[in-house]
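Asker: Residue numbers (UniProt numbering): 1 to 303. Yeah, the Cβ is synthetic: ideal placement off N, Cα and C, and Gly gets one too.
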Amino acid sequence: MGNVLGPAAPRAPRRGEPLGSPGSFDELHRQCKEVFPQQMEGVKLIVTKTLSSHFQVTHTVHMSTLGPSSYHFNATFVGDRQLGPTEAFPTLVGDMDNSGSLNAQVLHLVAERIRTKAVFQTHQAKFVTWQFDGEYRGDDCTATLTLGNPDLLGESVILVAHFLQSVTSRLVLGGEMVYHRRPGEEGAILTLAGKYTALKWVATLNVGYGGAHASYYHRANEQVQVGVELEANTRLQDTTFAFGYQLNLPQANMVFRGLLDSNWSVGGVLEKKLPPLPVTLALGAFLNHWKNRFHCGFSVIVG
């Protein structure tokens, strides 16, 4: 008898969801941190002027009640290589204050997948920090190597290696290795990291010899976002907890961010845009009940 069923039809390959790039190790907790308000104190005026499609300058005047007042001049140059809405190469950023201290960064795209960054920081006329980064971004992984404050004569260096791998379209696993060496001291610290991204929430965990850092971000709707952070330091034997939230009111051109932490601190920052003027007003207040300390701030952002 012949084959009644006939040859089996070839099975179509199963297509899974693309893994995607896991991003940078330093941005694992970024979504949660953006919910929390930034500390404000005194009066601050920020004026930004765009001179061309590549060049922008910013003047910042800060009048403080807790410390000396300051002035900062910031200049930013952005090149023509645009990889995303927030990524352009090469990028040069320089910030100098009234005391002559400089903070400069240079970002350059060496190849399609290789990014480099150099950071220089001075305190008046003395070098404080110089750091060099090299980052490789694959389709589903990211590897970074950082060299900090290399001193061949003093035999001291800080070496940091990061690696992230997209295991699934939602799960990212990786780790960080920090190696430091100076005369009479040498050591390394390993930290493991994981991040799970769902439709409306993101959970991230870093755990290592020095402690643990966990965060949870939840987007309830277009107006409400919340974040929770837990940090445990084994060296200091200290654990802190913080809850933050963000309220967006687009019809009123307002954004409010608030926080509450385990150190008995509460605070909030209200930002209000004034269209059609290119002006944003921000008012913040923070109170620490345990230390009986209160400070507030007001800023005007033009540009």
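1) Identify whether proline 18 lies in helix, strand or coil by the three-state DSSP scheme.
2) Quick one: give me the first and last residue of the alpha helix (DSSP H) that glutamine 121 is part of.
3) Under 8 Å, with one C-beta from each stretch per pair, do the region 234-243 and the region 200-216 reach the 3-pair mark?
4) Can you grab the Cα-Cα spacing for the pair serine 70 / isoleucine 46, in whole Å?
5) Run the CB neighbour count on arginine 257, radius 10 Å, all protein chains shown included, and call it buried at 16 or more, exposed below.
6) Can you tell me whether glutamate 27 is helix, strand or coil according to DSSP?
7) Mapping the DSSP letters down to three states, classify proline 150 as helix, strand or coil.
8) Go through its chain and collect everything with a Cβ distance to alanine 203's Cβ below 6 Å, but skip five positions before and after it.
9) Quick check on the burial criterion: 16 or more other C-beta atoms within 10 angstroms. Buried or exposed for serine 166?
10) Just how far apart, CA to CA, sit arginine 137 and threonine 86?
11) Within 10 angstroms of the Cβ of aspartate 80, are there 16 or more other Cβ atoms? Answer buried if so, exposed if not.
12) Provide the residue span of the beta strand (DSSP E) that contains glutamine 56, from first to last.
13) When you compare only the Cα positions, how much space is there between cysteine 141 and histidine 108?
14) As an exercise, report each continuous beta strand (DSSP E) stretch of at least 3 residues that is fully enclosed by the region 167-224, in chain order.
15) For glutamine 31, tell me which candidate among Val300, Leu260, Val226, Leu83 has the shortest Cα-Cα distance.
16) So what's glutamine 105 in DSSP terms, helix, strand or just coil?
17) Does the separation of the CB atoms of threonine 122 and serine 156 fall below 9 Å?
18) With 16 other CB atoms within 10 Å as the buried threshold, where does aspartate 26 fall?
19) Mark valine 178 as exposed unless 16 or more other C-beta atoms lie within 10 angstroms of its C-beta, in which case mark it buried.
20) With respect to the beta strand (DSSP E) encompassing methionine 96, which residues constitute its N-terminal and C-terminal limits?
21) Just to check my reading of the structure: alanine 248 and glutamine 223 have Cβ atoms closer than 8 Å, yes? What is that Cβ distance to the nearest angstrom?
22) Given a threshold of 16 other Cβ atoms within 10 Å of its Cβ, counted over all protein chains shown, does valine 4 qualify as buried or as exposed?
23) Tell me the DSSP secondary structure of glutamine 251 in three-state form.
24) CB serine 21 to CB aspartate 139, shorter than 9 Å?
25) Thinking just about the alpha-carbon of each residue, which of Gly84, Ala111, Phe73, Glu185 is nearest to the one in serine 99?
26) Secondary structure at lysine 33, three-state DSSP: helix, strand or coil?
Answerer: According to the data block:
1) Taking the sequence shown and counting its residues from 1, one reaches residue 18 at position 18. Proline 18 falls in the coil class under three-state DSSP.
2) The residue given as residue 121 occupies position 121 in the sequence shown. Here glutamine 121 belongs to no alpha helix (DSSP H); instead the beta strand (DSSP E) covers 114-123.
3) yes
4) Within the sequence shown, residue 70 is the residue found at index 70, counting from 1. Within the sequence shown, residue 46 is the residue found at index 46, counting from 1. For serine 70 and isoleucine 46, the distance between alpha carbons rounds to 12 Å.
5) For the purposes of this step, residue 257 is identified with residue 257 of the sequence shown, where counting begins at 1. Its Cβ being crowded by 16 or more others within 10 Å, arginine 257 is buried.
6) Translated into positions along the sequence shown, residue 27 becomes position 27. Looking at glutamate 27 - three-state DSSP - the assignment turns out to be helix.
7) As a first step, residue 150 is located in the sequence shown; it is residue number 150 there, counting from the start. Residue state, collapsed to three classes: strand.
8) Here residue 203 refers to the residue found at position 203 of the sequence shown. For alanine 203, where only same-chain residues beyond five positions count, the Cβ hits under 6 Å are Tyr196, Tyr216.
9) If you number the sequence shown from 1, residue 166 lands on position 166. Label assigned to serine 166: buried.
10) Indexing the sequence shown from 1 puts residue 137 at position 137. Indexing the sequence shown from 1 puts residue 86 at position 86. Distance between the alpha carbons of arginine 137 and threonine 86 is about 16 Å.
11) On the sequence shown, position 80 is the one that residue 80 refers to. Flag for aspartate 80 reads exposed.
12) Indexing the sequence shown from 1 puts residue 56 at position 56. Run containing glutamine 56: 55-63, per the beta strand (DSSP E) assignment.
13) In the sequence shown, counting from the first residue as 1, residue 141 sits at position 141. In the sequence shown, counting from the first residue as 1, residue 108 sits at position 108. Going by the C-alpha atoms only, they are around 20 Å apart.
14) 171-182, 185-197, 201-208, 211-219
15) On the sequence shown, residue 31 is found 31 positions in, with the first residue counted as 1. Checked all of Val300, Leu260, Val226, Leu83; the closest Cα to glutamine 31 is Val226.
16) Mapped onto the sequence shown, residue 105 falls at position 105. Strand, per DSSP.
17) Position 122 of the sequence shown holds residue 122. Position 156 of the sequence shown holds residue 156. It is not a contact, given that the beta carbons lie outside the stated cut-off.
18) Along the sequence shown, one-based indexing puts residue 26 at 26. By the neighbour-count rule (16 or more Cβ atoms within 10 Å), aspartate 26 is not buried but exposed.
19) Start at 1 with the first residue of the sequence shown, and residue 178 comes out as number 178. Result: buried.
20) To locate residue 96, count along the sequence shown from 1; it is residue 96. Its beta strand (DSSP E) spans residues 87-97.
21) Here residue 248 refers to the residue found at position 248 when the sequence shown is read from its first residue. Here residue 223 refers to the residue found at position 223 when the sequence shown is read from its first residue. Rather than alanine, the amino acid found at residue 248 in this sequence is asparagine. Between glutamine 223 and asparagine 248 the Cβ distance is about 5 Å, and since that is below 8 Å, they are a contact.
22) In the sequence shown, the residue the question calls residue 4 occupies position 4. Residue placement at valine 4 is flagged as unreliable, the pLDDT there being 40, under the threshold of 50; a coordinate-derived value is accordingly withheld.
23) For the purposes of this step, residue 251 is taken as the residue at position 251 of the sequence shown. Helix, per DSSP.
24) What you label residue 21 is simply residue 21 of the sequence shown in a count that begins at 1. What you label residue 139 is simply residue 139 of the sequence shown in a count that begins at 1. Contact: yes.
25) Position 99 of the sequence shown, counting from 1, holds the residue named residue 99. Checking every option, the nearest Cα to that of serine 99 belongs to Phe73.
26) Position 33 of the sequence shown, counting from 1, holds the residue named residue 33. If DSSP states are grouped into helix, strand and coil, lysine 33 belongs with the helices.
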